[in-house]
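Line by line, the protein sequences give chains A and B. Going by the numbering used here, the letters in the first sequence line up with residues 412 to 526, in that order. Going by the numbering used here, the letters in the second sequence line up with residues 27 to 137, in that order.
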Amino acid sequence: DSGVTQTPKHLITATGQRVTLRCSPRSGDLSVYWYQQSLDQGLQFLIQYYNGEERAKGNILERFSAQQFPDLHSELNLSSLELGDSALYFCASSLLGQGAGNEQFFGPGTRLTVL
Amino acid sequence: EDQVTQSPEALRLQEGESSSLNCSYTVSGLRGLFWYRQDPGKGPEFLFTLYSAGEEKEKERLKATLTKKESFLHITAPKPEDSATYLCAVQEGTSGSRLTFGEGTQLTVNP
């Protein structure tokens, strides 16, 4: 158990809908990362927040957005869902925002299925 | 652009048969190389971080090494419970803390 929690575990929805995925980082960690894992693309970095501020952005679609709240939990919002958005979404956390030794610990993931 | 290539894609071993997994990388400035283990439908589990060429780290039957162009994950006398996908990732000097992952090596250890 990494100490990172994600809810829900599974989400089934229809095309065009909007969903929110939630992540609580390990106690004491200030940075949260979101990754997408699909069968054809492996693990892809989406976005990073550090202590409430956006720190880095990857290939995140405009239909997707995220935020980190004062209690350091984070939410990833996915809207206008398409079939291709079906994937495992992982949250990871680390103590710091950058620098060597910044190991990331992953949560159990949310499996999103878009029908 | 950072690139991480893992080989082989899949590896099947008999229990006790030692082997190595390879991770080749291309980055402009390596800040760290990470190894993770991932079981089906689960989140990646952190194993090791390597920072500089020549560095080695060990944990039970696993040993990770690093050169300027690649990393190896050596598995000594594997057991069936070592079966998993092993992921390699790099953290590059100018891109903050994001990890760029390889596609992974799916390891199966038969009893």
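Idealized CB from N, CA, C, for every residue including glycine. Just so it is clear, the structure is predicted and the values come from calculations on it, not from any experiment.
Report the residue from the options whose alpha carbon sits nearest the alpha carbon of residue i.
i	options	result
G518 (chain A)	A:S490, A:Q447, A:T426	A:Q447
Q478 (chain A)	A:S413, A:I458, A:L492, A:L454	A:I458
L526 (chain A)	A:S413, A:L489, A:P419, A:A425	A:A425
K420 (chain A)	A:Y500, A:D482, A:H484	A:Y500
V430 (chain A)	A:S476, A:T416, A:W445	A:S476
T102 (chain B)	B:K89, B:A36, B:S123, B:C114	B:K89
F480 (chain A)	A:Q428, A:G427, A:S442, A:R522	A:S442
T52 (chain B)	B:E118, B:S109, B:S44, B:S123	B:E118
L37 (chain B)	B:S109, B:R124, B:L125	B:S109
E493 (chain A)	A:T416, A:I423, A:W445, A:V415	A:I423
S438 (chain A)	A:G469, A:G427, A:S413	A:S413
Y461 (chain A)	A:T418, A:I471, A:W445	A:W445
What does the Cβ neighbour count give for residue i, buried or exposed, with the cut at 16 atoms within 10 Å?
i	result
T524 (chain A)	exposed
L450 (chain A)	exposed
E473 (chain A)	exposed
G58 (chain B)	buried
Q452 (chain A)	exposed
E514 (chain A)	buried
P137 (chain B)	exposed
D482 (chain A)	exposed
P436 (chain A)	buried
G520 (chain A)	buried
Q32 (chain B)	buried
S4 (chain B)	Summary: the structure shown does not reach residue 4 (chain B), with chain B confined to residues 27 through 137, and so no result is reported for it.
D440 (chain A)	buried
T111 (chain B)	buried
G55 (chain B)	exposed
In chain B, which residues lie with their C-beta within 7 Å of the C-beta of residue i?
i	result
G518 (chain A)	G69
S476 (chain A)	Per Cβ cutoff of 7 Å: no residues; S476 (chain A) is ~18 Å from chain B at best.
S497 (chain A)	What S497 (chain A) touches in chain B: nothing, since even the nearest Cβ is about 14 Å away.
Less than 8 Å between the CB atoms is what I'm expecting for residue i and residue j, so what's the real figure, rounded?
i	j	result
Y62 (chain B)	E71 (chain B)	6 Å
F98 (chain B)	L47 (chain B)	7 Å
E41 (chain B)	K85 (chain B)	So it is not a contact: roughly 19 Å between Cβ atoms.
S504 (chain A)	F516 (chain A)	6 Å
L432 (chain A)	L487 (chain A)	4 Å
Using a Cβ cut-off of 9 Å, pull out every chain B residue sitting near residue i, in sequence order please.
i	result
E464 (chain A)	Simply none; closest approach about 12 Å.
G453 (chain A)	L113, F127, G128, E129, G130
F501 (chain A)	G69, P70
Which residues of chain A have a Cβ atom closer than 8 Å to the Cβ of residue i, listed in chain order?
i	result
R124 (chain B)	Y444, F456, Q459, A467, G469
Chain A partners of residue i, CB-CB under 7 Å?
i	result
F98 (chain B)	By Cβ distance, chain A contributes nothing, its closest Cβ being about 20 Å from F98 (chain B), past 7 Å.
Taking Cβ-Cβ distances shorter than 9 Å, what residues in chain A pair up with residue i?
i	result
T31 (chain B)	By Cβ distance, chain A contributes nothing, its closest Cβ being about 11 Å from T31 (chain B), past 9 Å.
Below 8 Å on C-beta distance, what does residue i contact in chain B?
i	result
S413 (chain A)	G69, E71, F72
S505 (chain A)	S123
Worksheet entry | Secondary structure, beta strand (DSSP E): runs of 3+ residues fully inside the segment 50–123 of chain B | 56–64, 71–76, 82–85, 88–92, 96–101, 110–118
Worksheet item: Can you give, in chain order, each stretch of the beta strand (DSSP E) that sits fully within the segment 459–506 of chain A and has at least 3 residues?
Response: Here the runs fully enclosed are 464–468, 475–479, 485–489, 498–505.
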